[in-house]
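Enquirer: Before I ask anything, let me first share the structure, which is written out below as structure tokens.
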Amino acid sequence: MSVTSFDLTKIRQDFPTLKQTINDQPLTYLDSAATTHKPQCVIDATNAFYSEQNANVHRGRHTLSEQATQRYEQVRDKTAAYFGVASNEIVWTKGATEAINLVANGLKNQITSSDTVVITPLDHHANIVPWQVLTQQTGATLAVLPLNADATFDIDACCDFIALHKPKLLAISQASNTLGNITDLAPLIRCAKSVGCLVLVDGAQGALHLKSNLNTLDCDFYVFSAHKMLGPTGLGALYGRSALLNSLLPYQTGGEMIETVTLTHSTFREAPAKFESGTPNIAGVLGFGAALDYLNRLNHQDIVNHEQALLQYAAHKLLKIDGITLYSELKHNIGTLCFNYKNEHPYDLATLLDGYGVALRSGHHCTQPLMTHLGINGSLRASLAFYNNRADVDNFIFALQNCIALLD
Ligand SMILES: Cc1ncc(COP(=O)(O)O)c(C=O)c1O
């Protein structure tokens, strides 16, 4: 079904998984930060590949293979256009995690023991662990950007930190997966640039809600996962400036990434081919193309307006409940509420909420350093997407109140 304006009833009909019941209750899906649901057009595009178009890409001269290659490359073009960059700056990966690992591995010959790599205390483990390994392997210093007690950044303090350490690379998320807080990236990137520091932005959470022009953002690398943008799982991408991408060591080697191979030596192609060895996730890429088409048919500002109104509505209702501690900030937030109820274990509440058909995340959300910073072991996380409605929020609050009544 095509969407021409922001008609929430119509939009919800496009997502078949939203129509189900869980534990005899209508599904209230508040876990879009983990993965978004897929509109029917994405499912259809993936099915069409296997049922009608199946062929490998970049290696056949027969019609099906050439068509598959053309469709596959068209999605790269579409992705590049979506983010305002050039097609040869988009590398397909398995997801944001693999994209970060690709960069961390690729920089091994550019980082020395006199370099510093800066991470943040609130990033996802995927944007922490690869940098720990890189600095351990190269002898470089791993430094951590300062974070206020409430898990917000003091941008001036961060800029002072960057000016002092003059790092080789800053790895930072566009929005926190746990809190939903949006990072004020522009001034951070400016001060990083002024000391010659590369910036890798983890856009896993920001890509859908913030739709950034990466040229304007002026980062050096940007990573995202298709499954958090209505697309299939097992696919993501790395954006990198062309010259920078080509300066990275290859992450994986094998077929399709080579120019010539002898028994003792090989030469590599330019990016993106250099980083796409082996048969790629063709069906995933085509499904993601349909996801981008779907998003392009919506007005992004309508998405933002709806998500922000829903976030404020949900926060207002949540904060009316005695005993709730909210860790997210609400002014610059992609639509995620991170909270606890008194000292109740988040797993207990999440399990009880599931009985009401409410799906939300509990635990440390792959951000153990952030949990330590906040002085907690875990939390509940309700994350919204544009297909959520007020009824979802009402169901959630109603269920939460009932669960709390059971526990108190
Ligand atoms: C901020 C952030 N970075 C990275 C990742 C890793 O994404 P993936 O598991 O799709 O590789 C996630 C996933 O939740 C995330 O939220």
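Just so we're aligned: 253 in this note's numbering is position 269 of the sequence shown, and the numbers increase by one with no gaps anywhere. Note that beta-carbon positions come from the ideal geometry of N, C-alpha and C, so glycine has one too.
(1) Is Asp15 a contact residue of ligand 2, with contact defined as CB to any heavy atom under 6 Å?
(2) Can the beta-carbon of Gly220 be found closer than 7 Å to that of Gly68?
(3) Mind the definition here: the region 325 to 337 touches the region 123 to 140 only if three or more C-beta pairs lie below 8 Å; say whether that holds.
(4) With 16 other CB atoms within 10 Å as the buried threshold, where does Ser169 fall?
(5) Once DSSP output is grouped into helix, strand and coil, what is the label at Ile112?
(6) Can you tell me whether Thr119 is helix, strand or coil according to DSSP?
(7) May I ask you to verify whether the region 102 to 112 touches the region 350 to 359, counting CB pairs closer than 8 Å and requiring at least 3?
(8) Between Asn289 and Tyr13, what straight-line distance do the alpha-carbon atoms span, to the nearest angstrom?
(9) DSSP has Phe323 in a bridge; who is on the other side?
(10) Looking only at C-alpha atoms, which of Asp134, Val207 and Tyr371 sits nearest to Lys22?
(11) Between Gly79 and ligand 1, is the CB less than 6 Å from at least one heavy atom?
(12) Which residue comes first and which comes last in the alpha helix (DSSP H) that contains Gln55?
(13) Under a three-way DSSP split, which group does Gln94 fall into?
(14) Quick one: what's got a C-beta closer than 6 Å to Gly190's C-beta in the same chain, skipping five residues either side?
(15) So, is Tyr34 buried or exposed, given that buried needs 16 or more other C-beta atoms within 10 angstroms?
(16) Less than 7 Å between the C-beta atoms of Thr20 and Ala369, yes or no?
(17) To the nearest angstrom, report how far apart Ala298 and Val377 are at their CA atoms.
(18) Identify the residues that DSSP records as bridge partners of Ser209: which are they?
(19) Whole angstroms are fine: how far does the CA of Ala389 sit from the CA of Lys258?
Expert: Once the coordinates are examined:
(1) Absence of ligand 2 is noted for the structure shown, with ligand 1 being the only ligands found.
(2) Indexing the sequence shown from 1 puts residue 220 at position 236. Indexing the sequence shown from 1 puts residue 68 at position 84. Cβ atoms of Gly220 and Gly68: not closer than 7 Å.
(3) Here the region 325 to 337 makes no contact with the region 123 to 140; the two share fewer than three CB pairs at distances below 8 Å.
(4) The residue given as residue 169 occupies position 185 in the sequence shown. A small correction: the amino acid at residue 169 is Leu; Ser does not occupy that position in the sequence shown. Leu169 counts as buried, since no fewer than 16 other beta carbons sit within 10 angstroms of its beta carbon.
(5) The residue you call residue 112 lines up with position 128 of the sequence shown. Reduced to three states, the DSSP call for Ile112 is coil.
(6) Counting from 1 along the sequence shown, the entry for residue 119 is found at position 135. In the structure shown, Thr119 sits in a helix (DSSP, three-state: H, G or I).
(7) As far as the Cβ criterion goes, the region 102 to 112 touches the region 350 to 359, which means the pair count is three or higher.
(8) The sequence position of residue 289 within the sequence shown is 305, counting from 1. The sequence position of residue 13 within the sequence shown is 29, counting from 1. Their backbone Cα atoms lie some 19 Å apart in a straight line.
(9) Your numbering for residue 323 matches position 339 in the sequence shown. According to DSSP, Phe323 bridges with Leu310 and Leu364.
(10) The residue you call residue 22 lines up with position 38 of the sequence shown. Minimum Cα distance to Lys22 is reached at Tyr371.
(11) For the purposes of this step, residue 79 is taken as residue 95 along the sequence shown, with counting starting at 1. For ligand 1, a non-hydrogen atom lies closer than 6 Å to the CB of Gly79.
(12) Along the sequence shown, one-based indexing puts residue 55 at 71. A small fix is needed here, since residue 55 is Arg in this sequence, not Gln. Here the alpha helix (DSSP H) through Arg55 covers Thr47 to Tyr66.
(13) Position 110 of the sequence shown, counting from 1, holds the residue named residue 94. Coil at Gln94, not helix or strand.
(14) For this step, residue 190 is matched to residue 206 along the sequence shown. Excluding five sequence positions before and after Gly190, the CB atoms of its chain that fall closer than 6 Å to its own CB belong to Gln158 and Ala159, given in chain order.
(15) Here residue 34 refers to the residue found at position 50 of the sequence shown. Tyr34 should be labelled exposed.
(16) Numbered from its first residue, the sequence shown carries residue 20 at position 36. Numbered from its first residue, the sequence shown carries residue 369 at position 385. Cβ atoms of Thr20 and Ala369: closer than 7 Å.
(17) Position 314 of the sequence shown holds residue 298. Position 393 of the sequence shown holds residue 377. Each residue's alpha carbon lies about 6 Å from the other.
(18) Numbered from 1 along the sequence shown, position 225 holds the residue referred to as residue 209. Per DSSP, Gly220.
(19) Taking the sequence shown and counting its residues from 1, the one referred to as residue 258 is at position 274. Taking the sequence shown and counting its residues from 1, the one referred to as residue 389 is at position 405. Near 57 Å, if we compare the C-alpha coordinates of Ala389 and Lys258.
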